[in-house]
Amino acid sequence: MNRYFPLCFLLLVFFSRPAQAQQNTKQIFIQTDKVTLGFTVGKNQKLYQSYLGEKLANSQDNGLLPATRHEAYVPAGTDNLFEPAIRMVHTDGNPSLELRYDKHTTQQQEENVTATAIHLKDPKYPVEVILHFNAFQKENIIKTWTEIRHKEKKPVVLSNFASAMLHFDAPNYWLSQFHGDWAGEMQQQESQLTSGIKIIDSKLGTRAHKYQSPTFLLALDKPAGENHGELIAGTLAWSGNFQFAFELDEQNSLRILAGMNPYASEYRLEPNKPFVTPAFIFTYSRTGKGQASRSFHRWARNYGILDGNKPRLTLLNNWEATFFDFDEKKLVGLFDGAAQLGVDLFLLDDGWFGNKYPRNDAKAGLGDWQENKTKLPSGIGYLVEEAEKKGVKFGIWLEPEMVNPKSELYEKHPDWILKLPNREEHYQRNQLVLDLINPKVQDFMYNLVDDLLTKNPKVAYIKWDSNRSLTNTYSPYLKTEQSKLYIDYVHSLYKVLGRIRQKYPHLPIMLCSGGGGRVDYGALPFFTEFWPSDNTDGLERVKIQWGYSNFFPAIAMSSHVTSWGKQSVKYRTDVAMMGKLGYDIQVSEFNEKDLQFSKQAVANYKRLSDVIWFGDQYRLVSPYDEDRAVLMYVSENKSKAVLFSYNLQTRHRDRFTQIRLEGLDPQKKYMVQETNLYPETKSSFTANGKTYSGDYLMKVGIAVSPTTALTSAVFEIVEKP
Ligand code: GLA
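In this note's numbering, the protein residues as written are 311 to 1031.
Put into structure tokens, the structure is as follows:
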């Protein structure tokens, strides 16, 4: 006999445990259209989490939810024996905190957003902890963060400061984490949690992501599928050191702590100054991962990325086409390629600056943001004009936070650099990080962007890069407060980005960080898109983009066709088209057919991009399950869909089953048309050109997978009257 009860029974049994449960005095509910997070104030005035799950159909039933032993935000130093949410040492040296319910407020921030703040206070010390929850009704997303304040006479010291703490009681817990490295970002791995603590974290300083991404899926009871299973999907909106701790206790209860990494970050908090944590953003789904991802995508477009509901620019980037080896003439020649393809913008990458120390490779010039006079004697303005003449806009690469030791900036301002005294400088990519905590450095960075845009108001796009993490680090500005460095660096970055956004609210900016190092909702509100990886090999990209798609929408995922990868141009293009299409290639090296195909592909993309950018995504076959990947996007009104299908295997005679489509209207009729065909080829799919009901497509399905190794197909599915 299965020794586990269904989860609901277990929860009931658990909630009614008499020994530790608290009697209700008050209940607080954070609710979206489909999700409820419930809290109960116990008789002892402590706050307990009493429910996280599907919204109850009858709101009266909320009152029946029993109290639990799960204190909502557990402080350290008293009776807690597990990982705390907060640890504080008071001015008098007392290392404990008690948190009692004081009051709560709920406000309708806008029609779709309810903001709740639960105030907790220490009965003995003048310390207040406010738990904030913004509930996004339609998207079923909850955004939660913590504010810590005190009125002691001197600073207190904080050594734990979770953004969120959540409790679960399930028979089993399955954690999906997303890990990787440079050029191998967002690889998905699922494992069952065992007793003790599992920590996923990063200590990279300038970014959250490289080895571990600040995202996870946690399935309750059994591993979740795309359309089944109970899970939460969560991410931390923070571009620096983060930590997720998953602690399974002796009673099989799980507590999740999400926040900035406490590592080397004891924080002296002055009286009356709020310490505000980054937000932990999560959704709950009882219908699998697909629903959770769609919730995230919708939320991101509405709230999480800049201008998420506005179109994006397709572009041609010169990085992989030229690397540092270019001059004015060569660039102007490349504009022709952009015009030929029909993309909107040309993006000039690294290597355009530095005079005393020209940026002709990655060893020199970083920090000296003046046009290199040998390469670009006529300056950026000339390039903008020339691009315009060819009908394309112009964008430019910057890496404002960094400096090469071989630079005038380094020579002039040695005190503007994060580096350890009495130790050797430690380089990554021959560079160091500027001490962004210093307001003079913040001004330098802001002015760099502002001057560039003031001098060249037609610059239409920026790629903001950040190519190293923090090692051997020390802030000359912080002096004796070095343990504030990791936290204050990220706050300072946001401050500069905020200033830039005040003056340039809608300029498209791509967030890049040595590939996909900075993909998080802390930074993305300042950016229109991100660079997922330097690895643009078509085959590799299928998995990388798949990983990101769990949390981040296609509209924000810059995906370029390059010469990296042995697959055909069609394959690499079909892969790039599932995100925000761009190119990073010598167009003049295309043969005639590849060029013809690519021009048509850009035109096709412009026709399909509305659905890819603003539609709902359905992942139909995972590259982790089979030697193929299939996914589709469906417009909100279900009148149009696009399906992408990639063969990943290299073996002869593999057979694939036909696929049931999703997200369509069963009542509607749809014509299925293979598109993005290579010149002089015909579709070999029987469904091509046929009309089916949505019902048929979703119940019977059609064959969409090419059987030849490393080939791909794109289908346009359009409602027929
Ligand atoms: C990083 C980026 C690349 C490119 C180079 C330029 O590696 O990820 O796309 O911009 O920097 O140096």
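Just so it is clear, CB atoms sit at the ideal spot from N, CA and C, and this is done for glycine as well.
* To do: From the DSSP output, in three-state form, read off T967 for me.
  => Coil.
* Using three-state DSSP, classify G689 as helix, strand or coil. => Three-state DSSP puts G689 in a helix.
* To do: Have a look at L651 and M1008 and give me their C-alpha separation to the nearest angstrom.
  => Near 36 Å, if we compare the C-alpha coordinates of M1008 and L651.
* Starting from V1028, follow the beta strand (DSSP E) in both directions and report where the run begins and ends. => Note, V1028: beta strand (DSSP E), S1022 to K1030.
* Is it the case that the CB of K583 approaches a heavy atom of the ligand GLA more closely than 8 Å? -> In terms of side-chain proximity, the C-beta atom of K583 is found no nearer than 8 Å to any non-hydrogen atom of the ligand GLA.
* Taking the beta strand (DSSP E) that E287 falls in, what are its first and last residues? -> Past the boundaries of the shown model lies residue 287; the chain is included only from 311 to 1031, so the question cannot be answered.
* Starting from F446, follow its DSSP beta bridges and name the residues at the other end. => Beta-bridge pairing links F446 to V423 and I451.
* Asked: At a cut-off of 8 Å, is K773 close to the ligand GLA when judged by its beta-carbon and the heavy atoms of the ligand?
  -> The beta carbon of K773 sits closer than 8 Å to at least one heavy atom of the ligand GLA.
* Asked: Between L974, Q877 and K853, which lies nearest to E936 when the distance is taken from Cα to Cα?
  -> Measuring C-alpha to C-alpha distances from E936 to each of L974, Q877 and K853 identifies K853 as the nearest.
* **Nonlocal neighbours in the same chain, by C-beta distance under 6 Å from P710, ignoring five residues either side** => Only M755 and L758 meet the Cβ criterion.
* **Bridge partners - E381, DSSP secondary structure assignment** => Paired residues: Y358.
* Check: D491 C-beta below 8 Å from any heavy atom of the ligand GLA -> D491 Cβ: outside cutoff for every heavy atom of the ligand GLA.
* Per-residue burial, A331 [other beta carbons within 10 Å of its own, 16 or more giving buried] -> Unreliable positioning characterises A331 in this predicted model, as indicated by a pLDDT of 48, which lies under 50. The coordinate reading is nonetheless provided below. Buried.
* Asked: By a C-beta neighbour count over all protein chains shown, 10 Å radius and 16 as the cutoff for buried, is N368 buried or exposed?
  -> Under the 10 Å beta carbon count, N368 is surrounded by fewer than 16 other beta carbons and is classified as exposed.
* **Environment of R828 [buried if 16+ CB atoms lie within 10 Å]** => Around the beta carbon of R828, 16 or more other beta carbons sit within 10 angstroms, so the residue counts as buried.
* For R622, the three-state DSSP class (helix, strand or coil) -> Coil, per DSSP.
* Asked: Any idea if D264 is buried or exposed, counting beta-carbon neighbours within 10 angstroms, 16 or more meaning buried?
  -> Not covered by the structure: residue 264. The range shown for the chain is 311 to 1031.
* To do: Can you have a look at E603 and say buried or exposed, based on whether 16 or more other CB atoms are within 10 angstroms of its CB?
  => In the sequence on display, residue 603 carries Ser and not Glu. In the assembly as shown, S603 is a buried residue. Its beta-carbon has 16 or more other beta-carbons within 10 Å.
* Between the stretch 538-552 and the stretch 372-380, do at least 3 Cβ pairs fall closer than 8 Å? -> Under the three-pair Cβ rule at 8 Å, the stretch 538-552 does not count as touching the stretch 372-380.
* Asked: What is the DSSP secondary structure of D839, reduced to helix, strand or coil?
  -> According to the sequence displayed, residue 839 carries Glu and not Asp. In the structure shown, the three-state DSSP call for E839 is strand.
* So does A674 have its beta carbon nearer than 8 Å to some heavy atom of the ligand GLA? -> For the ligand GLA, not one heavy atom lies less than 8 Å from the Cβ of A674.
* Which whole-angstrom value is the C-beta distance of G705 and L780, which I expect to be below 8 Å? -> Actually they are not in contact, since the Cβ atoms of G705 and L780 sit about 28 Å apart, beyond 8 Å.
* Taking 8 Å as the cut-off, does the CB of G506 come closer than this to any heavy atom belonging to the ligand GLA? -> Incorrect: G506 has no Cβ contact closer than 8 Å to the ligand GLA.
* What's the C-alpha gap between T575 and N551? -> First, the amino acid is wrong: residue 575 is Ser here, not Thr. Cα-Cα distance, rounded: 10 Å.
* Proximity test, D847 beta-carbon vs the ligand GLA heavy atom, cut-off 8 Å -> D847 Cβ: outside cutoff for every heavy atom of the ligand GLA.
* Asked: Between the C-alpha atoms of N782 and L728, what's the straight-line distance to the nearest angstrom?
  -> Roughly 8 Å separates the two Cα atoms.
* Nearest to D491 by alpha carbon, out of T960, D844, Y928 and K903? -> Looking at the Cα atoms, D844 is the closest of the given residues.
* Asked: Hey, how far is the Cα of K520 from the Cα of H489?
  -> Their backbone Cα atoms lie some 7 Å apart in a straight line.
* Give the secondary structure of L807 by DSSP, where H, G and I count as helix, E and B as strand, and everything else as coil. => Correct three-state label for L807: helix.
* **Validate contact between the stretch 974-982 and the stretch 903-918 using beta carbons, cut 8 Å, 3 pairs** => No contact exists between the stretch 974-982 and the stretch 903-918.
* Should Q359 go down as buried or exposed, given a rule of 16 or more other Cβ atoms within 10 Å for buried? -> With 16 or more Cβ atoms within 10 Å of its Cβ, Q359 is classed as buried.
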